[in-house]
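What follows is a set of notes on a single structure, which appears directly below.
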Amino acid sequence: MRPSRDAPDVVAGLDRRQCHALDQAVAAEQLEGWHPTRDDLLLLAAECRGDEVLDGVRTSVRGDGKIRESRWAALRPGRAPYLIPGSTILRNELGLQDAAALHRAESILTAIRLVRCHTDRADPLVEDGIHRLIALHRYLFQDVYSWAGQVRTVDLSKNGHSFTRASAVWDVLISIHDALLAAPWESADLGESAYLLARTYAELNQAHPFREGNGRTGTMLLHLLVRRSAFDLDLTAVDRADWIQASRDSAPFRQAGTPSPRPFIPIFRRALVPREG
448 MRPSRDAPDV VAGLDRRQCH ALDQAVAAEQ LEGWHPTRDD LLLLAAECRG
498 DEVLDGVRTS VRGDGKIRES RWAALRPGRA PYLIPGSTIL RNELGLQDAA
548 ALHRAESILT AIRLVRCHTD RADPLVEDGI HRLIALHRYL FQDVYSWAGQ
598 VRTVDLSKNG HSFTRASAVW DVLISIHDAL LAAPWESADL GESAYLLART
648 YAELNQAHPF REGNGRTGTM LLHLLVRRSA FDLDLTAVDR ADWIQASRDS
698 APFRQAGTPS PRPFIPIFRR ALVPREG
């Protein structure tokens with residue numbers, strides 16, 4: 448789904464920059480399994496035009512409020528401090544206890560904030576290096592999780608693969624920060640830009656610094672990084688199956704090993720386009 452191509456009535460009246468913001472926000476969410484409805488797209492298009500839709504959406508997706516965690520969810524010690532007790536559902540600010548409802552709410556709320564990032568209406572754009580990653584996560588997920596912008600305190604694994612230990616995440620982030628500041632974005636050609644993005648994302652994916660939201664935060668950071676180059680990043684050119692496979696193939700053999708950027712390089716070569724104007 449590329450709204451600017453597949454939903455011309457939704458994007459009517461949007462300029463090129465606004466269409467880009469809508470396309471990229473939707474594409475980032477689709478990589479996480481979101482299937483937006485027409486109403487979702489209309490809300491995002493309105494946000495692209497500058498309408499303030501966030502408050503209304505936030506109110507509409509709230510649950511009954513019985514489990515709102517915002518003021519008492521100082522992450523407690525234990526095996527599952529991020530989960531609603533007795534469940535596998537993340538504690539959230541919306542009072543939602545159903546996984547599907549939480550996913551839908553999280554997707555539309557973060558998509559709205561992604562649109563704001565792409566249209567330069569978000570504070571995290573002023574940060575630099577890994578500080579920008581932390582600020583982005585806080586900005587994107589603040590409506591959903593009380594721990595938005597906080598590095599995880601538990602170890603994580605997925606499909607038998609273990610991400611960086613929680614105790615080592617900050618060391619890895621500092622290393623990524625140094626590499627980001629040293630990267631020659633301004634002079635990089637297509638091949639080097641693809642490599643820089645692949646290396647950055649592979650390392651961030653293995654670090655998996657947040658309990659949830661690593662993919663959307665990471666790809667938004669990549670969009671901001673390439674603004675210093677001669678290219679734009681077009682996530683609509685990325686197939687979700689290829690993305691998932693590259694994430695798996697880039698993983699190191701050892702938990703503390705170095706991830707490989709190689710699986711992501713062809714993906715980013717296809718997704719980088721010369722900037723117009």
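Position one of the sequence shown corresponds to residue 448 (this note's numbering), numbered consecutively onward. Ideal placement from N, C-alpha and C gives every residue a C-beta, glycine not left out.
Reduced DSSP category for residue i - H, G, I as helix; E, B as strand; rest coil
i, result
"residue 696", "helix"
"residue 604", "strand"
"residue 486", "helix"
"residue 397", "This structure gives no information on residue 397, because the portion of the chain shown stretches from 448 to 724."
"residue 625", "helix"
"residue 706", "coil"
"residue 537", "strand"
"residue 530", "strand"
"residue 448", "coil"
"residue 595", "coil"
"residue 658", "coil"
"residue 712", "helix"
"residue 638", "helix"
"residue 502", "helix"
"residue 456", "coil"
"residue 690", "helix"
"residue 463", "helix"
Whether residue i touches residue j by CB criterion (8 angstroms)
i, j, result
"residue 579", "residue 671", "yes"
"residue 566", "residue 471", "no"
"residue 455", "residue 488", "no"
"residue 673", "residue 680", "yes"
"residue 718", "residue 688", "no"
"residue 657", "residue 584", "yes"
"residue 530", "residue 557", "no"
"residue 639", "residue 592", "no"
Residue i versus residue j - alpha carbon distance
i, j, result
"residue 542", "residue 510", "5 angstroms"
"residue 710", "residue 497", "38 angstroms"
"residue 516", "residue 630", "The predicted position of residue 516 is uncertain, since its pLDDT is 44 and thus under 50; a value taken from the coordinates is nonetheless stated next. Between residue 516 and residue 630, the C-alpha separation is close to 40 angstroms."
"residue 502", "residue 560", "12 angstroms"
"residue 643", "residue 634", "12 angstroms"
"residue 714", "residue 474", "14 angstroms"
"residue 582", "residue 667", "11 angstroms"
"residue 536", "residue 589", "17 angstroms"
"residue 619", "residue 460", "44 angstroms"
"residue 612", "residue 698", "14 angstroms"
"residue 458", "residue 720", "21 angstroms"
"residue 601", "residue 627", "26 angstroms"
"residue 603", "residue 614", "11 angstroms"
"residue 546", "residue 539", "11 angstroms"
"residue 646", "residue 708", "5 angstroms"
"residue 663", "residue 575", "17 angstroms"
"residue 676", "residue 641", "11 angstroms"
"residue 693", "residue 469", "25 angstroms"
"residue 722", "residue 716", "14 angstroms"
Beta bridge counterpart(s) of residue i as assigned by DSSP
i, result
"residue 609", "604"
"residue 680", "719"
- Query: So, do the stretch 634–653 and the stretch 684–704 have three or more beta carbon pairs nearer to each other than 8 angstroms?
  - Reply: yes
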